[in-house]
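Chemist:
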Amino acid sequence: MTDQIAQESADPGVISEILEKNPELQGIGNYEYGWADKDVAGANARRGIDKDVVANISALKSEPEWMLDIRQKALKYFDRKPMPTWGPDLSGIDFDNIKYFVRSTEKQATSWEDLPEDIKNTYDKLGIPEAEKQALVSGVAAQYESEVVYHQLREDLERQGVIFLDTDTGLKEHPEIFQEYFGSVIPAGDNKFASLNTAAWSGGSFVYVPKGVHVEIPLQAYFRINTENMGQFERTLIIADEGSYVHYIEGCTAPVYKSDSLHSAVVEIIVKKNARVRYTTIQNWSNNVYNLVTKRAVCEEGATMEWVDGNIGSKVTMKYPAVYLVGEHAKGETLSIAFAGADQHQDTGSKMVHIAPNTSSAIVAKSVARNGGRSAYRGLVQVREGAKGTKNSVVCDALLVDQISRSDTYPYIDVREDDVTMGHEATVSRVSEEQLFYLQSRGLAEDEAMAMIVRGFVEPIARELPMEYALELNRLIELQMEGSVG
Amino acid sequence: MSETTTHIPEEKARIGAPSIPGFTEEGEDLSPINDNTSSPLGGSAAKAHSHGGGVGVPDSSRAGRLTSYNVDDFAKLTGREEDWRFTPLKRIKGLHTDELTGAAPKVELTGSDVVTLSEVPADDVLNGIAHTPDDRVSANGWKYATTSQVVTIPKNAEGEKATLRITGESLEAAAQHIIVVAEENSEATVVLDHVGSAVLAQNVEFDVRPNARLTVVSLQAWEDDSVHASSQQALVAAGASFKHVAVTFGGDLVRVNPSARFTGERAEVELYGLYFADAGQHLEHRLFVDHAVANCKSNVLYKGALQGKDAHTVWVGDVLIQKAAVGTDSYEANRNLVLTDGARADSVPNLEIETGLIDGAGHASTTGRFDDEHLFYLMARGIDEKTARRLVVRGFLNEIVQQIGDEALQERLTDTIESELAATDN
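Residue numbers (our numbering), protein chains in the order written: chain A, 549 to 1034; chain B, 190 to 615.
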């Protein structure tokens, strides 16, 4: 926390006062990850994307021919597809000014000691070594400048046959699985940003859980963007074979830069018969990042997919985790929480597509907008013909804490079947004077009371998070709410 | 699952990988209603920023929607625009492209000695008093309407009931312009009774002046061959109340867009709707409540029933609470009852809120079939299933019928619902 201080920070005096009172906040203070290491790796990377850049990325990774073909095809789709105009303002993105591939170290390190010094420093600040020491944490795939450079998996997982690799290594070691599943859930031309990712992808996680294996501890990966104007196009592929279970956790932090960054990930998840996958994200990009992410899961018979999605950082986020329920009795669930502060636009939601009969889905979305921020719920629930006995419920609640913020709801519901039960409910409320007065009369300061109300509002989601994430979320809320009153 | 490779063209068979029905290499088609034969990337987005709010104002936001009296300001429709993607343009009979020179439906005003009907030329000052076209069809209708029919409810009128019978007599594409002026402190119910056969682009404006109380029932009881696109806009002044009930049964393609904008405080708007779509019918309602000033109240409730193959209803409700609209109280809901297989109900209750100082805002949407418990309850009382089903549907729709406040009309609607339900039994 030295020279680069987050622009969105409040009065430093106030911050240090809070930190004094709450030493545990030290760890997440004034945008902790708002430093940047010297940009050595990125300095020479070429800006912009074309056929040659894509060929180059593929060649550097010694990829098979078919992957290069997919990349080139995706690039064509990317060039052809218009920018989406139905959502947030994306006019600040300059595709020609982005570095599409930055390689930080020549080869993968196998142990902590092998990592270059500056990368080790970065991860020290992120706290990864500590995280690894914790018994709670199993595999840590640390992503640094497009490629996973550090990766470790606890031995017992390996013994169970669980594959947890960075995506590049996954492709090298398991090409047959890749050829089968890559792009099967999110095709190359799905949308402009998925096309861009497919053309330029690098890094991300590859997880395969064999039949009947329950991975008891959550798999975690840390992602960082560290080169100015560098897009990060990680690609994650998770396959949960029949009857298996895995909880994957993705957390994001990024240093603050002056010019805008683009993060455009693709996450594909295949949940086979009777398997269950939970995918948790707490997204806390710095406030100059465009976070445009495509996440989609396919659920076969009796399978369950759960998205737990928290969006706190970024300048613009467009993210609508989807579940395609293609097998009977499949189940999809999304819990989503978004905070939009000053200059932030969180356009998030979920998409549930009921294709098979007797499938069910639930979406719970909560958002808080403050200080001029804008939050939107945008969702689609589609019941295709033949999806009899579908059950769905969507609940979205928004909390506005001042009069300059904005909250929107765009819930699309498309039903093509009579035997269904669907409901959508939304409320938008503001923090009432009565609630504040009640808490203040119990001796709480106004901002503490406000933070408490917000915490209560998001509690149903926070309790679904692993403990350390729930704690972090609560601290972030406190910081977000600091100075929100008066 | 491995056999279903037809859905993934140009891709080799994926053994074990899931195949998602309806998927292609370009994902799924979000606008399957309007074929996109010309280019794989048509639509407003392809010509991004060429019109409307331009950069940064999303298509779906009501705040940024283009309004203009000039049809040429609107880009040609491809059917992939946010506000047209549910509408089958193939069936709209050229209302968006052609010269609308057919004979406009005949109008006749009955029921009141006080409420008057007059005709004014298209350049009269009243034109546009409460209305600016916000889509291409509406603007095209504006262009080709050579006169306007003006219904005037005089100052301080009390309890007036008038019916404007609008009778279509031709399937040549036509334009029509109707203006309803509710003068200060008046109270009246006006029924717009659309019957006959027509292909019509219609603009209706309601000027609801201070402290007026106006109830409008727009009844679409067209013959099955009709196409009707109606943009109905209201300006609601201080202390006034405006109740609009859209009732749509007939027509091949009917698209009614009621909207209300508050211009003064302490005003109230209620938008109700009732629709019953049969096999092949496309019934669309897109409404908009613009809370532009403080301390106003709005309530929206639309209920629909669908039966038969390819019966399609679309309901889009936009509520915009602008920054200045502190103290707003707003709620909107849409409920659909799907009676048979093969019908499709789209429901989109949009809510955009720019201030936190509101009394309350919310929306809800439900789509489902019969409540089995209701059925069971009735059948347990000795009512046969067929009758019980009718009773449940009637009860469901009756909430809206009751809002009309005109017994003769309510009876007519109840009869229509009955005959629609009787059609199900065959």
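We put the beta carbon where it would ideally sit given N, CA and C, even for glycine.
As the structure is a computational prediction, the values presented were derived from the model and not from experiment.
Chain B partners of residue 595(A), CB-CB under 8 angstroms?
Modeler: Neighbours of residue 595(A) on chain B: none; closest Cβ ~22 angstroms, over 8 angstroms.
Chemist: Alpha carbon to alpha carbon, how far is residue 977(A) from residue 512(B)? Give it in angstroms, no decimals.
Modeler: Taking the straight line joining both Cα atoms gives about 15 angstroms.
Chemist: Decide if residue 433(B) is buried, meaning its Cβ has at least 16 other Cβ atoms within 10 Å, or exposed.
Modeler: By the neighbour-count rule (16 or more Cβ atoms within 10 Å), residue 433(B) is buried.
Chemist: Any C-beta of chain B sitting closer than 8 angstroms to the C-beta of residue 933(A)?
Modeler: Yes, residue 933(A) lies at the interface with chain B (some Cβ there is under 8 angstroms from its Cβ).
Chemist: Got a sec: which bits of the region 957–983 of chain A sit with their beta carbon under 9 angstroms from any beta carbon on chain B, in order along the chain?
Modeler: Those residues of the region 957–983 of chain A that come within reach of chain B (Cβ to Cβ, closer than 9 angstroms) are 957, 958, 959, 960, 961, 962, 963, 964, 965, 966, 967, 968, 969, 970, 971, 972, 973, 974, 975, 976, 977, 978, 979.
Chemist: Nearest to residue 501(B) by CA position, among 283(B), 526(B), 291(B), is which residue?
Modeler: Ranking 283(B), 526(B), 291(B) by Cα distance to residue 501(B) puts 526(B) first.
Chemist: Within the 8 angstroms Cβ cut-off, does residue 488(B) reach chain A?
Modeler: No, because no Cβ of chain A sits closer than 8 angstroms to the Cβ of residue 488(B).
Chemist: Would a C-beta distance cut-off of 8 angstroms place residue 734(A) and residue 722(A) closer than the cut-off?
Modeler: It is not a contact, given that the beta carbons lie outside the stated cut-off.
Chemist: Kindly give me the distance between the Cβ atoms of residue 446(B) and residue 421(B), rounded to whole angstroms, as I take these residues to be in contact under 8 angstroms.
Modeler: Rounded, the Cβ-Cβ distance is 7 angstroms, consistent with contact.
Chemist: For the alpha helix (DSSP H) that contains residue 396(B), what are its first and last residues?
Modeler: No alpha helix (DSSP H) holds residue 396(B); the beta strand (DSSP E) holding it covers 376–397.
Chemist: Kindly confirm or deny that the region 378–387 of chain B and the region 350–363 of chain B touch, where touching means at least three C-beta pairs closer than 8 angstroms.
Modeler: Yes: at least three Cβ pairs fall under 8 angstroms.
Chemist: Would you mind stating whether residue 945(A) and residue 974(A) have Cβ atoms separated by less than 8 angstroms?
Modeler: Yes.
Chemist: Check whether chain B comes within 8 angstroms of residue 840(A), counting only Cβ atoms and requiring the distance to be less than that.
Modeler: Output row for residue 840(A): interface = no.
Chemist: Just to confirm, are residue 810(A) and residue 827(A) a CB contact at a threshold of 8 angstroms?
Modeler: Result no, Cβ atoms of residue 810(A) and residue 827(A) do not sit closer than 8 angstroms.
Chemist: How big is the Cα-Cα spacing for residue 262(B) and residue 598(B)?
Modeler: Between residue 262(B) and residue 598(B), the C-alpha separation is close to 40 angstroms.
Chemist: Determine the direct distance from the alpha carbon of residue 931(A) to that of residue 582(B), and round the result to whole angstroms.
Modeler: So the alpha carbons of these two residues sit roughly 22 angstroms apart.
Chemist: Since residue 631(A) is in the alpha helix (DSSP H), which residue starts that stretch and which ends it?
Modeler: Element bounds for residue 631(A): n/a, residue is neither H nor E.
Chemist: Measuring CB atoms only, is the region 356–367 of chain B touching the region 318–334 of chain B, in the sense that at least three cross pairs come out at less than 8 angstroms?
Modeler: They touch, by the three-pair rule.
Chemist: Give me the residue from 713(A), 610(A), 848(A) with the minimum Cα distance to residue 210(B).
Modeler: Among 713(A), 610(A), 848(A), the Cα nearest to that of residue 210(B) is on 848(A).
Chemist: What's the C-alpha gap between residue 444(B) and residue 411(B)?
Modeler: If you take the alpha carbons of residue 444(B) and residue 411(B), they lie about 12 angstroms apart.
Chemist: Measure the alpha-carbon distance for residue 251(B) versus residue 611(B) and round it to whole angstroms.
Modeler: Computed Cα separation, rounded: 40 angstroms.
Chemist: Would you please state the rounded distance, in angstroms, between the beta carbons of residue 871(A) and residue 904(A)? I believe it to be under 8 angstroms.
Modeler: Not quite, the Cβ-Cβ distance comes to about 12 angstroms (not below 8 angstroms), so this is no contact.
Chemist: So, with DSSP's three-state summary, where would you put residue 708(A)?
Modeler: In this structure, residue 708(A) counts as coil in the three-state DSSP scheme.
Chemist: Name the one or two DSSP bridge partners that residue 409(B) has.
Modeler: BP columns for residue 409(B) point to 383(B), 437(B).
Chemist: Enumerate in chain order the residues of its own chain whose CB-to-CB distance from residue 747(A) is below 6 angstroms, with the five nearest sequence positions on each side excluded.
Modeler: So the qualifying residues of the chain are 602, 619, 622, 623, 626.
Chemist: At 8 angstroms on the CB atoms, spell out the chain B contacts of residue 950(A), in chain order.
Modeler: Here the neighbours are 545.
Chemist: On the three-state DSSP scale, how would you describe residue 759(A)?
Modeler: Coil.
Chemist: Within 8 angstroms of any Cβ in chain A, is that where the Cβ of residue 527(B) sits?
Modeler: Output row for residue 527(B): interface = yes.
Chemist: Mind checking residue 314(B): buried by the 16 CB within 10 Å criterion, or exposed?
Modeler: Flag for residue 314(B) reads exposed.
Chemist: Taking only beta-carbon atoms, is residue 215(B) less than 8 angstroms away from chain A?
Modeler: So yes, residue 215(B) belongs to the interface.
Chemist: Once you ignore the five residues that flank residue 831(A) on each side, which residues in its own chain have a CB closer than 7 angstroms to its CB?
Modeler: If we look at residue 831(A) and ignore the five residues flanking it on each side, its Cβ neighbours are 800, 839, 858, 859, 860, 861, 862, 865.
Chemist: Taking only the alpha-carbon atoms, compute the straight-line gap between residue 608(B) and residue 345(B) and give it to the nearest angstrom.
Modeler: Those two C-alpha atoms are separated by around 40 angstroms.
Chemist: Is DSSP giving residue 618(B) helix, strand or coil here?
Modeler: Absent from the structure is residue 618(B), since the part of chain B shown begins at 190 and ends at 615.
Chemist: Might you give, ordered along the chain, the residues of its own chain that have their beta carbon closer than 6 angstroms to the beta carbon of residue 518(B), omitting 5 neighbours on each side?
Modeler: So the list reads 486, 548, 549, once near-sequence residues are dropped.
Chemist: Does DSSP classify residue 716(A) as helix, strand or coil?
Modeler: In this structure, residue 716(A) counts as helix in the three-state DSSP scheme.
Chemist: Assuming residue 984(A) contacts residue 998(A) under a Cβ cut-off of 8 angstroms, what Cβ separation, rounded to an integer in Å, is found between them?
Modeler: Contact flag correct, Cβ pair sits at about 7 angstroms.
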